[in-house]
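Okay, so the sequence shown: first residue is 81 according to the numbering used here, each after it adds one. Structure first, commentary second.
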Amino acid sequence: MALLEITNLTVEFATAHGSLRAVDQVSLSLDAGDIVAIVGESGSGKSVAMLALMGLLPWTATITADRMSFDGKDLLTMNPKQRRAIIGKDISMIFQEPMTSLNPCFNVEYQISEVLAQHFGGKRRSYKPRVIELLKKVGIPAPETRLKAYPHQLSGGMSQRVMIAMMIACEPKLLIADEPTTALDVTIQAQILELLVELQKANGMALVLITHDMAVVAETADRVVVQYAGQQVEQRSVIELFNNPRHPYTEALLSALPEYAKEKTLNAIPGVVPGQLDRPVGCLFNPRCEYAQDLCRQQPPQKSEGVLCHYPLPLKVASNSHSEVTL
Ligand code: SF4
81 MALLEITNLT VEFATAHGSL RAVDQVSLSL DAGDIVAIVG ESGSGKSVAM
131 LALMGLLPWT ATITADRMSF DGKDLLTMNP KQRRAIIGKD ISMIFQEPMT
181 SLNPCFNVEY QISEVLAQHF GGKRRSYKPR VIELLKKVGI PAPETRLKAY
231 PHQLSGGMSQ RVMIAMMIAC EPKLLIADEP TTALDVTIQA QILELLVELQ
281 KANGMALVLI THDMAVVAET ADRVVVQYAG QQVEQRSVIE LFNNPRHPYT
331 EALLSALPEY AKEKTLNAIP GVVPGQLDRP VGCLFNPRCE YAQDLCRQQP
381 PQKSEGVLCH YPLPLKVASN SHSEVTL
């Protein structure tokens, strides 16, 4: 039995202009110890799908799915109390901006021990040794001296480490990291990614990494889900995807990397992800796709071999070599 099983998840928001489908028939299956990256530009519904799983979407969202289960429990039929017992304990989520995720009114010790007290009971004070141990685990030097620090007294990298300590406090089975390094300096980004992978391996937890950075995907994930305008357009192993992208959007994302640039200028994908009012007929990627044909402008494609495209790019001869991945 998979740890996480999501089948055909759809999320729609009620807006002044009608209903906006932010996530469209997304499926994801995850075992313990898996590292899966969800990639795509802003507006592709990556975070919304995971927030739906966490039950953190506003009341304007309507969530439907054929199946959404975690560790054998059906999340769709759970009441809020049952869900609260899982969220923050067995499933945790780290957000993009650590400075705004931490509560500015409470110190580090209070915020981490509060999570433990909420899920395991007892007095917050009794968790002080565990808080110190967690801070040590996430690489905070002299943790005893940081216990009484408030978020504004911490750097961005330090705040993200505190967030991670808080999110792994209950030893979750699944950790979702939503652009965990975007708001950080480049040197700190690598350290935080390394830390996440180290913790994932040490605890055997599954990790879902939401990112728009293909280099981050290449360095950390085993499997990649590519999302565009709320739809999953391709889902493969990292090696396969980097060596042989099958969806034109995946190919375009990869060719925008400096390593793939054939000339001095970087490749860019023209246009933007369509919103509610400019959704094209047929394939949602067709206005930006260099392979688009008449059929693409008339009919939405169906998934074939895991690729949502009328004309998937050809499959190369299978290779067992990792050396083709150039990142
Ligand atoms: Fe491009 Fe057509 Fe495939 Fe859409 S269906 S990605 S427009 S080739």
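We put the CB at the ideal spot given by N, CA and C, even for glycine.
So for residue i, helix, strand or coil by DSSP?
i	result
D265	coil
D374	helix
A348	coil
Q382	coil
S235	coil
Y340	helix
R316	strand
I86	strand
A332	helix
A96	coil
Q356	coil
R326	coil
S403	Only weak support is given to the placement of S403: the predicted model assigns it a pLDDT of 42, under 50, and the value that follows is read from those uncertain coordinates. Correct three-state label for S403: coil.
V218	coil
Y391	coil
L110	strand
A102	strand
V361	coil
Can you tell me which of the options puts its alpha carbon nearest to the alpha carbon of residue i?
i	options	result
M179	Q233, E299 and T140	Q233
A96	T140, S124 and Q105	T140
P354	L84, M81 and S124	S124
V352	L182, R368 and Q373	R368
K169	E189, T262, V296 and L255	L255
P394	N324, L334 and S335	N324
F365	T345, K344, P392 and G219	P392
V211	E194, K161, E92 and G201	E194
E251	Q280, L100 and G236	Q280
P184	P231, Q378 and A282	P231
K396	T345, S335, F322 and L357	F322
Between residue i and ligand 1, is the CB less than 8 Å from at least one heavy atom?
i	result
Q307	no
L375	yes
P392	yes
N159	no
A372	yes
V352	no
G120	no
V361	no
P325	no
N366	yes
V313	yes
C369	yes
P231	no
P381	yes
P260	no
Y329	yes
C250	no
C389	yes
Could you round the C-beta distance between residue i and residue j to whole angstroms and report it? I think they count as a contact, below 8 Å.
i	j	result
E339	R326	Their Cβ separation, rounded to whole angstroms, is 20 Å, which puts E339 and R326 out of contact at 8 Å.
T87	S107	5 Å
G152	A286	Between A286 and G152 the Cβ distance is about 14 Å, and since that is not below 8 Å, they are no contact.
I290	E259	6 Å
V318	V304	6 Å
E189	K253	The Cβ separation is near 25 Å, so there is no contact.
S172	M247	4 Å
V296	T261	7 Å
H390	E121	In fact, because the Cβ distance is near 21 Å, the residues do not count as touching under 8 Å.
A301	Q176	At roughly 18 Å, the Cβ-Cβ gap does not stay under 8 Å, so A301 and Q176 are not in contact.
G310	V103	5 Å
I115	I174	14 Å between Cβ atoms; not a contact.
L136	L110	Between L110 and L136 the Cβ distance is about 18 Å, and since that is not below 8 Å, they are no contact.
L214	A257	Actually they do not touch by this definition, with Cβ atoms about 17 Å apart.
V266	V119	V266 to V119, Cβ: 19 Å. No contact.
Taking only beta-carbon atoms, is residue i less than 9 Å away from chain B?
i	result
D302	In the structure shown, chain B does not exist; there is a single protein chain.
Note down, one range per segment and in chain order, each alpha helix (DSSP H) of at least 4 residues found wholly within the segment 182-209. Counting whole runs of 4 or more residues, the segment 182-209 contains the alpha helix (DSSP H) stretches 188-200.
Unbroken beta strand (DSSP E) runs of length 3 or more, entirely within the segment 113-176: which are they? Qualifying beta strand (DSSP E) stretches, in chain order: 115-119, 141-144, 147-150 and 171-174.
My parser needs the beta strand (DSSP E) runs of 3 or more residues fully inside the segment 250-315; what are they? Those beta strand (DSSP E) runs which fall completely within the segment 250-315 and span 3+ residues are 254-258, 286-291 and 303-308.
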